Every structure is written in structure tokens, then in C-alpha cells.
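A short write-up of the structure that comes next.
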Amino acid sequence: MVPPMRLNPGESMKHFFLVGLTLLLVSACSSKEDKRDAALLDADGDTASTADQRDSTTPTDTRDQQEPEVDNCHTDCFGGVGCTNGIVTEYVWGAGPCYGDWDEICAGATLLTCTSGACGPSDPRYGSCLEGFSSYFGVQAPENLLRLYCEEGRPKAEGDACLTDQDCRPSAQDPALRLICDDATSTCTPVPRPVLDSLGTHCGVAVPPTDAYSDQLVGGETCELCIIHQGAGEACISQACTARCEFDEDCPDGFICTCWPGDEQIEQVCVKRPDENRWSWRATTLSCSTVSCCGALDTHCERDLECCSGHCDNSSNLCTHCSPNKTACSNDLECCSRYCDPSGQCAPQLDGSPCEINEHCASEYCDLSTHTCSSCKAEGGKCWFGDECCSGNCDRVKRACGACSPNDQTCYVGTECCSGLCNLQTQRCAACLPSAVVGCGTDSDCCSGVCDLQTTRCAPCKSAGGTCTSGSECCSESCDADGTCDTLACNDYGTYCGQNSECCSNVCNPASHLCTLSSDGQNCTSNGECISGSCDLTGRCGTGMYACSSSGACSSDGYCCSGVCDSHTQTCLACAPEGTACSTDASCCTGRCSPAGICTVPQCN
2 MVPPMRLNPG
12 ESMKHFFLVG
22 LTLLLVSACS
32 SKEDKRDAAL
42 LDADGDTAST
52 ADQRDSTTPT
62 DTRDQQEPEV
72 DNCHTDCFGG
82 VGCTNGIVTE
92 YVWGAGPCYG
102 DWDEICAGAT
112 LLTCTSGACG
122 PSDPRYGSCL
132 EGFSSYFGVQ
142 APENLLRLYC
152 EEGRPKAEGD
162 ACLTDQDCRP
172 SAQDPALRLI
182 CDDATSTCTP
192 VPRPVLDSLG
202 THCGVAVPPT
212 DAYSDQLVGG
222 ETCELCIIHQ
232 GAGEACISQA
242 CTARCEFDED
252 CPDGFICTCW
262 PGDEQIEQVC
272 VKRPDENRWS
282 WRATTLSCST
292 VSCCGALDTH
302 CERDLECCSG
312 HCDNSSNLCT
322 HCSPNKTACS
332 NDLECCSRYC
342 DPSGQCAPQL
352 DGSPCEINEH
362 CASEYCDLST
372 HTCSSCKAEG
382 GKCWFGDECC
392 SGNCDRVKRA
402 CGACSPNDQT
412 CYVGTECCSG
422 LCNLQTQRCA
432 ACLPSAVVGC
442 GTDSDCCSGV
452 CDLQTTRCAP
462 CKSAGGTCTS
472 GSECCSESCD
482 ADGTCDTLAC
492 NDYGTYCGQN
502 SECCSNVCNP
512 ASHLCTLSSD
522 GQNCTSNGEC
532 ISGSCDLTGR
542 CGTGMYACSS
552 SGACSSDGYC
562 CSGVCDSHTQ
572 TCLACAPEGT
582 ACSTDASCCT
592 GRCSPAGICT
602 VPQCN
């Protein structure tokens with residue numbers, strides 16, 4: 002697979018100019034007769050070219066053109082070049098080939114390397130080199146912008162043209178240097194090569210620190226640059242340089258692809274083949290559990306973490322069985338927990354005690370950043386489940402403990418949210434779950450106050466006549482003996498409602514779900530149902546002394562548009578709707594602020 006080409010900012014502008022220019026020129030072509038024949042290489046490498054007569058006013062290409070002959074040209078040519086029957090040809094102003102004759106326009110997928118000014122037939126891809134670009138509209142493009150290179154000749158030497166660091170590699174003659182592509186000159190430039198550790202060797206202390214990769218298992222330990230480039234999956238695990246892999250073919254000669262003991266990510270890495278060094282046991286005797294990779298019994302080990310049994314015998318450096326808790330012991334080394342208590346029994350370590358694996362600790366958690374037992378993992382600690390973390394939140398992407406997420410933040414499970422509730426439809430943390438959303442465990446989890454425990458789905462409160470088993474399912478909070486929600490005497494203003502018929506005023510505010518007095522123009526049967534205090538002969542509230550107030554003076558809830566009148570200040574308040582934060586019952590449109598500080602539907606006791 003060909004790696005994508007990377008251009009520096011200056012070259013990006015040139016590239017886009019040329020691509021846009023090419024498309025403009027292609028669209029200007031009107032017929033095949035306006036095109037020239039492509040110049041092709043013959044078997045001896047000579048060129049033969051013909052050109053149509055150009056108009057005297059048309060800009061001309063001032064150089065001799067040599068078009069490279071290339072197989073699979075869509076992967077072998079650069080922007081501004083096209084392919085005809087597998088032959089790479091460059092567009093020239095006033096001549097062909099035009100779009101109709103091009104099989105495709107090259108998109109600059111890769112570069113080829115030229116040797117001695119031309120590609121030879123021995124190269125994987127062959128043809129001559131384009132040495133520059135002609136002047137269009139008085140704009141002279143950079144001389145090397147449309148140069149093609151063949152695979153032959155890599156790695157490039159110092160001073161060779163390049164576009165990315167990938168084009169430049171250390172030569173065998175000068176292994177102390179590595180070449181990078183200088184953005185200013187677009188040439189391969191030598192820089193000192195950092196000290197590299199071989200795969201499978203012990204990691205050193207990185208110098209400078211910016212070249213270090215952190216040891217994923219040993220807190221605070223770092224590696225010098227390993228011999229495999231970071232882009233190929235270089236890593237330092239358990240104090241040894243490794244390379245990530247999927248198959249043996251991904252590894253250098255002498256290495257195979259397998260899991261690494263203690264690697265909680267269960268990623269495979271390149272390790273030495275058997276009998277080539279002391280790491281050979283890793284290649285044949287590893288087994289992977291659901292959360293870690295570990296060594297079988299009687300395999301070489303240096304730490305308990307490397308053994309499936311959780312016990313590395315310090316004298317033999319082999320994975321062995323150990324004595325579980327509450328069994329007799331004479332010293333710490335016999336115990337899986339590494340602690341033999343004064344009574345002569347193996348016992349788990351208390352918080353703050355040294356540890357290597359979770360099984361050493363009474364809390365069942367060993368913080369590997371400090372190698373001490375802890376009750377839970379601090380922020381940043383590796384995790385698989387939320388209950389491993391002090392915050393209760395395990396970031397599923399980073400696989401690390403994090404702080405709980407506030408409402409409206411992304412979530413996948415409720416334990417990630419400070420509220421404990423994740424709306425799975427929106428994947429956002431919520432103060433309460435709306436109707437039809439799955440994930441409730443109690444009625445208080447639902448904004449409606451009704452959780453169907455069989456489906457764990459929040460349901461809306463049921464109006465009069467709906468089937469019920471308890472009053473908490475009904476908007477009237479009354480479930481009669483025949484299992485239907487009852488209609489009680491009409492509710493006064495300021496009380497919770499599900500529909501207009503439940504209110505004495507016949508007005509249930511759809512936003513606050515509170516009974517309110519009717520505003521001017523609304524239906525009424527008596528003066529007491531109207532905010533204005535006047536129900537006219539047409540059965541509608543007329544203009545009277547009062548209109549509902551948003552923040553003005555009030556003597557009762559009915560005078561406020563929100564349905565909430567502060568009894569202390571005698572002013573109308575903007576009540577908090579269902580599911581929002583609250584501090585008092587009076588601040589909620591529902592009239593109930595739950596112990597969790599959320600406005601909820603009132604429940605029958």
C-alpha cells in the first residue's frame with residue numbers, strides 16, 4: 002500500500018495551483034484534433050515526439066518533454082499528469098492529450114525515484130524523468146515540482162530532492178546519520194541519529210526526554226528510541242523495546258508476533274524467536290486472558306505481573322503456584338499476596354502496602370504508578386470498568402479512569418456521568434431520563450417519575466382511565482381498585498397535571514405541567530377560572546383587572562404565568578421545569594424537589 006504524500010505549506014499551495022490549473026486547461030480542450038501525440042520511449046530508451054502547430058499568441062512549453070512510460074500510472078504519476086493506455090503524459094498548453102484521450106488524471110498518490118536522470122527497465126517502475134514545468138499565464142512553477150521518481154535508488158542520498166522524510170533514509174555507508182527532508186530546500190539533509198535500542202533489549206533512560214516512549218507497565222520508566230520507527234508501532238513495554246504487530250510477517254527477521262505478559266491492552270508485539278535470547282520463553286508459552294497477557298507455569302519471569310498464576314518465584318525466576326489467603330505460611334514469598342501475617346497465615350495487603358498485582362491487595366487494586374495497594378484507581382489509571390475507578394468513570398476510548406462527566410457531556414454508560422444517568426438515545430449525561438428511554442432502575446431516574454422495571458424504560462404518567470398498578474403511574478397520583486387511573490376532584494392552580502380536564506381551570510400548562518388560571522380569550526365557565534377574574538357571556542375569559550405576570554407582584558400562584566408565587570417576596574418566579582436542578586419544592590414547576598436536587602413528579606406516599 003502506498004503511503005499518502007505529505008506536502009509542506011508552500012508545496013501545498015503549489016500543488017493545489019497545479020491541480021486547479023490542470024483542470025482548467027483540460028476543460029478548455031474542445032476536440033481531439035487540438036492535441037499532440039504523446040512522446041513515447043522506445044525499447045532503447047530513445048524518445049520520439051511530435052507536436053501540433055501552436056497559435057502564435059499561445060504560450061509555449063520551452064523545454065523538451067520526456068514523458069515516462071509507466072505501468073499502473075494512476076499510482077505512479079504526479080498532479081497535472083494524465084495516463085493514456087498506461088502511458089504517463091503531461092498536458093501542454095495548446096496541445097493534447099485532452100481529457101477525452103486521458104484514461105485518468107493523476108492525483109499525486111506517490112513519487113518515484115530517478116537514478117542518473119532516468120528510470121531504467123530494471124526498476125519496478127520505469128520511464129524517463131520529468132525535469133520541470135512550463136510557464137502558464139506568466140507564472141513559472143518551481144522547477145522540481147512535477148519531477149517523477151522511480152523506486153530504484155532508495156534510500157536517497159544527501160542533497161537528493163524530496164517531499165517527505167519518508168523519501169530519505171540512512172545509507173548503509175553512514176549508519177550514524179539519518180536523513181530528513183528539509184522543508185526549506187526540499188532536499189534530504191543529514192542529522193545525527195539518536196541512540197537506538199534493539200528489539201527485545203533492555204530499555205535505557207531516554208536522552209533527550211523528547212525521544213522517549215513511556216513504559217506502559219512500569220510507572221515513570223522510559224525507553225530510548227527503539228530500532229523500529231514509532232510510526233511502525235514502536236513501544237517500550239515491561240522495560241524492553243518492542244514493535245506492535247498482527248502477524249509474524251510484520252516483524253523483522255528473527256522475531257515472531259505474540260502477546261506480552263502483563264500487557265493489559267492485549268496487543269501483540271514482536272519478540273525474539275525461541276533459543277535466540279532469554280526472551281525466547283515469551284514466544285511459545287504465553288496465554289491471553291480476558292484482560293491481560295501472562296506466562297504459564299514454569300516459564301521465565303521477573304515480576305509477578307508476568308505470570309498467569311500471579312506468582313514469580315524470586316529464587317528460580319519461574320512462574321509457580323503460590324499459597325492463597327488464609328492458608329498457612331512461614332514467609333511472605335510463599336503467599337500470593339506476598340504477605341504472611343504474624344499469625345502465620347497468608348493475608349492480603351492493606352492500602353498503602355507495596356504490591357505488584359491486584360491480587361496482592363485487600364482492595365483488589367494495585368496502583369502500578371506507585372506499586373502500592375489502593376482502594377480504587379486514581380484519575381489516569383488504566384481501567385476496563387467504572388467500578389475500578391475512584392471517580393466511577395472509565396473512559397472507554399482511553400481505557401483510563403477520569404472524572405465523572407457533567408450533564409450534556411458524551412457518555413456510554415451511566416457510571417460515566419455525575420448524575421449516574423446516561424441518555425442512550427443522545428449519548429449524553431442527563432439529570433433524569435425522558436420517556437421511552439431505556440436505562441432506569443427506579444421511578445426517580447425518570448423525568449416522568451415512572452420507570453417500567455420490566456423493560457427499564459421510562460414511561461409518561463398516565464391520564465385518567467389508563468391502566469395502573471400504583472398511584473405513582475398516574476398523573477392524578479390515584480389508581481383506583483379496578484386498576485385504572487382515577488380522576489379526582491379538579492386540581493387547583495399550581496398543582497401537577499397531565500391534561501386540561503384535570504384542572505379546575507381546564508388549563509394544564511404544557512411546559513410546566515401545572516394547572517393555571519385561564520388567560521384572556523381562553524375558555525371558561527366561571528370568573529374564578531380566569532386570571533382577569535372575568536368570564537364573559539361567550540364562555541371566554543375577558544379583559545379584567547389582571548393578566549398573568551412573569552416577574553411582577555402576586556398574592557398567589559394563580560397570578561403568575563409560571564404558576565409559582567414566592568410567598569416571602571410576593572413576586573412571580575420562573576419555576577424550574579421537570580428534570581432540572583432545584584433547591585426547594587417551591588422552585589420546581591412540579592412542586593417537588595427530590596433529595597438529589599432534581600425537579601420530579603410528586604409521588605403518592
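Numbers in this note's numbering are just positions in the sequence shown, counted from 1, shifted up by 1.
Ideal Cβ placement from N, Cα and C applies to all residues, glycine included.
Because the structure is a prediction, the values reported are computed rather than measured.
Spatial neighbours of residue i within its chain, please: C-beta separation below 6 Å, excluding the five flanking residues on both sides.
{"i": "G466", "result": "T485"}
{"i": "E579", "result": "C448, T591, C600"}
{"i": "P435", "result": "C448"}
{"i": "E335", "result": "S324"}
{"i": "G415", "result": "G421, L422, C423"}
Kindly list the residues whose CB is nearer than 7 Å to the CB of residue i, restricted to its own chain and excluding five residues on each side of it in sequence; keep chain order.
{"i": "C594", "result": "C583, S584, T585, D586, S588, C600"}
{"i": "T188", "result": "G160, D161, A162, C163"}
{"i": "D640", "result": "Nothing about residue 640 can be read from this structure; the chain reaches only from 2 to 606."}
{"i": "D481", "result": "D487"}
{"i": "C384", "result": "K378, C390, C395, R400, A401, C402"}
{"i": "T380", "result": "Here residue 380 is Glu; the residue named in the question, Thr, does not match the sequence. Counting only Cβ-Cβ distances below 7 Å, and skipping sequence neighbours, we find S392, C402, G403, A404."}
{"i": "E250", "result": "none"}
To the nearest angstrom, how far is the alpha carbon of residue i from that of residue j?
{"i": "C320", "j": "N408", "result": "47 Å"}
{"i": "H301", "j": "S317", "result": "8 Å"}
{"i": "A437", "j": "R458", "result": "6 Å"}
{"i": "F256", "j": "D314", "result": "27 Å"}
{"i": "T456", "j": "K463", "result": "17 Å"}
{"i": "P349", "j": "T371", "result": "17 Å"}
{"i": "A554", "j": "D487", "result": "36 Å"}
{"i": "V451", "j": "S502", "result": "21 Å"}
{"i": "G522", "j": "R541", "result": "5 Å"}
{"i": "T190", "j": "D184", "result": "10 Å"}
{"i": "C405", "j": "C356", "result": "27 Å"}
{"i": "D333", "j": "D342", "result": "8 Å"}
{"i": "D453", "j": "N524", "result": "36 Å"}
{"i": "P596", "j": "C566", "result": "22 Å"}
{"i": "C505", "j": "S520", "result": "14 Å"}
{"i": "G598", "j": "C395", "result": "25 Å"}
{"i": "T468", "j": "L425", "result": "27 Å"}
{"i": "G353", "j": "G382", "result": "16 Å"}
{"i": "S375", "j": "C308", "result": "21 Å"}
{"i": "Q500", "j": "H569", "result": "30 Å"}
{"i": "V439", "j": "C271", "result": "44 Å"}
{"i": "G472", "j": "S479", "result": "4 Å"}
{"i": "R155", "j": "T186", "result": "Any answer about R155 is weak, because its pLDDT of 43 lies below 50 and its placement is not dependable; what the coordinates show is given next. For R155 and T186, the distance between alpha carbons rounds to 19 Å."}
{"i": "Y340", "j": "E303", "result": "18 Å"}
{"i": "L298", "j": "C258", "result": "21 Å"}
{"i": "T572", "j": "C531", "result": "19 Å"}
{"i": "L351", "j": "S344", "result": "16 Å"}
{"i": "T470", "j": "D483", "result": "9 Å"}
Give me, in chain order, the residues of the same chain whose beta-carbon lies closer than 8 Å to that of residue i; leave out the 5 immediate sequence neighbours on both sides.
{"i": "R429", "result": "N408, D409, Q410, T411, C412, C423"}
{"i": "Y346", "result": "Note that residue 346 corresponds to Gln in the displayed sequence, not to Tyr. Cβ within range, chain order: N326, K327, T328, A329, C330."}
{"i": "T443", "result": "C452"}
{"i": "A29", "result": "Note that A29 scores a pLDDT of 32, beneath 50, so its modelled location is shaky; the value from the coordinates is reported in the next line. The answer is none, since no qualifying residue turns up."}
{"i": "Y366", "result": "N359, C374, S375, S376, C377, K378, E389"}
When the Cα of residue i is compared with those of the options, which residue comes out closest?
{"i": "E360", "options": "V602, C576, H312, H301", "result": "H312"}
{"i": "E474", "options": "A329, C531, A460", "result": "A460"}
{"i": "A577", "options": "T186, G553, V602, A554", "result": "V602"}
{"i": "V192", "options": "A432, L180, S420", "result": "L180"}
{"i": "A363", "options": "S344, G387, C337", "result": "C337"}
{"i": "S310", "options": "S344, S354, I358, C271", "result": "I358"}
{"i": "A432", "options": "D567, Y340, V439, S420", "result": "S420"}
{"i": "L369", "options": "D305, G387, Q571", "result": "D305"}
{"i": "C418", "options": "T470, S471, G387", "result": "G387"}
{"i": "T581", "options": "C182, D446, D483, T373", "result": "D446"}
Check the DSSP bridge columns for residue i and list the partner residues they point to.
{"i": "A554", "result": "T572"}
{"i": "L434", "result": "C447"}
{"i": "T186", "result": "For T186, which the question treats as bridged, DSSP gives no partner whatsoever."}
{"i": "G403", "result": "N394"}
{"i": "D567", "result": "T572"}
Could one say the Cβ of residue i lies closer than 9 Å to chain C's Cβ atoms, at least one of them?
{"i": "L319", "result": "Absence of chain C from the displayed structure is noted, only one protein chain being present."}
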